[in-house]
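Student: Chains A and B are the protein sequences, given in the same order.
Just so you know, we're using my numbering here: the first sequence kicks off at 708 and counts up by one.
Just so you know, we're using my numbering here: the second sequence kicks off at 68 and counts up by one.
Even for Gly, the Cβ is constructed at its ideal location relative to N, Cα and C.
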Amino acid sequence: MDQLVIAGKPYSSRLLVGTGKYKDFAQTREAIEASGAQIVTVAIRRTNIGQNPGEPNLLDVLAPQRYTILPNTAGCYSAQDAVRILRLARELLDGHDLVKLEVLGDPRTLYPNMVETLAAAQTLVKEGFKVMVYTSDDPILARQLEQIGCVAVMPLASLIGSGMGIINPWNLQIIIDNATVPVLVDAGVGTASDAAIAMELGCDGVLMNTAIAAARDPVLMASAMKKAVQAGREAFLAGRMPKNLYTASASSPTGGVIASASHGNAA
Amino acid sequence: MIGLIINGQPRSFPAPLKVAGLIEQLELRGKRIALERNGEIVPRGQFGLQELNDGDTLEIVVAVGGG
Numbered sequence: 708m709d710q711l712v713i714a715g716k717p718y719s720s721r722l723l724v725g726t727g728k729y730k731d732f733a734q735t736r737e738a739i740e741a742s743g744a745q746i747v748t749v750a751i752r753r754t755n756i757g758q759n760p761g762e763p764n765l766l767d768v769l770a771p772q773r774y775t776i777l778p779n780t781a782g783c784y785s786a787q788d789a790v791r792i793l794r795l796a797r798e799l800l801d802g803h804d805l806v807k808l809e810v811l812g813d814p815r816t817l818y819p820n821m822v823e824t825l826a827a828a829q830t831l832v833k834e835g836f837k838v839m840v841y842t843s844d845d846p847i848l849a850r851q852l853e854q855i856g857c858v859a860v861m862p863l864a865s866l867i868g869s870g871m872g873i874i875n876p877w878n879l880q881i882i883i884d885n886a887t888v889p890v891l892v893d894a895g896v897g898t899a900s901d902a903a904i905a906m907e908l909g910c911d912g913v914l915m916n917t918a919i920a921a922a923r924d925p926v927l928m929a930s931a932m933k934k935a936v937q938a939g940r941e942a943f944l945a946g947r948m949p950k951n952l953y954t955a956s957a958s959s960p961t962g963g964v965i966a967s968a969s970h971g972n973a974a
Numbered sequence: 068m069i070g071l072i073i074n075g076q077p078r079s080f081p082a083p084l085k086v087a088g089l090i091e092q093l094e095l096r097g098k099r100i101a102l103e104r105n106g107e108i109v110p111r112g113q114f115g116l117q118e119l120n121d122g123d124t125l126e127i128v129v130a131v132g133g134g
């Protein structure tokens, strides 16, 4: 069976989803179920002290036994903060150490700060974390992150939450060709075809949040994304036909055509 | 009384106070949290052992929705 293997563990779903931006926990749960995702990201934030003590927590809705919870470092602008957050996350998740590293450089574009990302990755790998790293689509940086010991590289398709799809398939292809760890597109997916294209290029998986949560019907979009990732993966494995630019190739036989009654004049 | 900074907010508590006692008073017992005291993580197993000091800064975090 065609499985996604990350840090030695196999997963049948190549679609990973975030848990942010949903209307409520019920919608979060429904959308994640419709997506078929097995790995879901969460953020780590201060708890509200003294407010709503009986309120359910996200992890009450998404059982860590059923899902692989992937803590992220959203909101971190330095390697130091990202490392700190993931140490807390590991404690919170009883020693679970598969994590998503993202170190941002700019609050408006949320583009990754790659210098800080590299530094954080080195520290985290040394401390035994299994790091899935959000990165720019620079092929050299992607390779360096792999050499540092990250278990997956996750280049952006376009800006986080932008829905612009894959803006640079060429760089993505280079990263895929050179990588020996899984490559997952993370950030910028907007609709089903974006996810399918990522898989057709040879990505091992796709991670998305806004594309589902900000759709008019998130649960339906989650279902679409599940199929898109599967369709793209099958198309990739099937080996597409070559593109024949500006050259047609008839699908029906050219021989045995009956004699034409007239040449171009209306009867 | 001891003064603590918890998630950026100053709070006072009667001393002596262990981490476990603070968790209880904040109604966080049984919740999935992680706690940092003066920049160092306090493992869950240490909650009943570590006694808080006046001026300690604490960060108490949970998992929330995110991408």
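1. Count the C-beta pairs between the stretch 938-946 of chain A and the stretch 752-768 of chain A that are closer than 8 Å, then say yes if the count reaches three, no if not.
2. Is residue 769 (chain A) near the ligand ATP, in the sense that its beta carbon is under 7 Å from a heavy atom of that ligand?
3. Beta strand (DSSP E) containing residue 839 (chain A): first to last residue?
4. What did DSSP end up calling residue 745 (chain A) once you bin it into helix, strand or coil?
5. How would you list, in chain order, the residues of chain A whose beta-carbon sits under 7 Å from the beta-carbon of residue 131 (chain B)?
6. Starting from the beta carbon of residue 93 (chain B), find every residue of chain A whose beta carbon is closer than 9 Å, and list them in chain order.
7. Would you identify the three-state DSSP class for residue 855 (chain A), choosing helix, strand or coil?
8. Please check if any C-beta of chain B sits within less than 8 Å of the C-beta of residue 814 (chain A).
9. Can you give me the start and stop residues for the alpha helix (DSSP H) that residue 943 (chain A) sits inside?
10. Along the stretch 793-806 of chain A, what residues have a CB closer than 9 Å to any CB found in chain B?
11. From residue 882 (chain A) to residue 930 (chain A), what does the alpha carbon distance come to, in whole angstroms?
12. Quick test of your reading: residue 865 (chain A) and residue 835 (chain A), contact by CB under 8 Å. State the CB separation rounded to the nearest angstrom.
13. Tell me the DSSP secondary structure of residue 913 (chain A) in three-state form.
14. In three-state terms, what does DSSP make of residue 775 (chain A)?
15. Going by DSSP in three states, residue 919 (chain A) sits in which element: helix, strand or coil?
16. Could you give the first and the last residue of the continuous alpha helix (DSSP H) run that contains residue 88 (chain B)?
17. Which residues in chain B have a C-beta closer than 9 Å to the C-beta of residue 733 (chain A)? List them in chain order.
18. Closest by CA to residue 870 (chain A), which one among A:902, A:859, A:858 and A:879?
19. Which residue or residues does DSSP assign as beta-bridge partners of residue 76 (chain B)?
20. Which runs of the alpha helix (DSSP H) fall wholly inside the stretch 713-744 of chain A and span at least 4 residues, in chain order?
21. What does a CB cutoff of less than 6 Å around residue 121 (chain B) pick up in its chain, not counting 5 residues either side in sequence?
22. Can you check DSSP and say which residues form a bridge with residue 124 (chain B)?
23. When you compare the CB positions of residue 839 (chain A) and residue 777 (chain A), do they come within less than 8 Å of one another, or not?
24. Can you tell me where the beta strand (DSSP E) holding residue 806 (chain A) begins and where it ends?
25. Straight-line CA distance for residue 884 (chain A) to residue 906 (chain A)?
Tutor: This is what the structure holds:
1. no
2. No copy of the ligand ATP appears in this structure; indeed no ligand is present at all.
3. 837-842
4. coil
5. 749, 750, 752 and 765
6. 754, 756, 757 and 760
7. helix
8. no
9. 925-945
10. 794, 795, 796, 797, 798, 799, 800 and 801
11. 28 Å
12. Incorrect: roughly 33 Å between the Cβ atoms, too far for contact.
13. strand
14. strand
15. helix
16. 86-92
17. Residues of chain B passing the Cβ test: none, with the nearest at roughly 13 Å.
18. A:902
19. B:73
20. 732-742
21. 69 and 70
22. B:72
23. yes
24. 805-808
25. 13 Å
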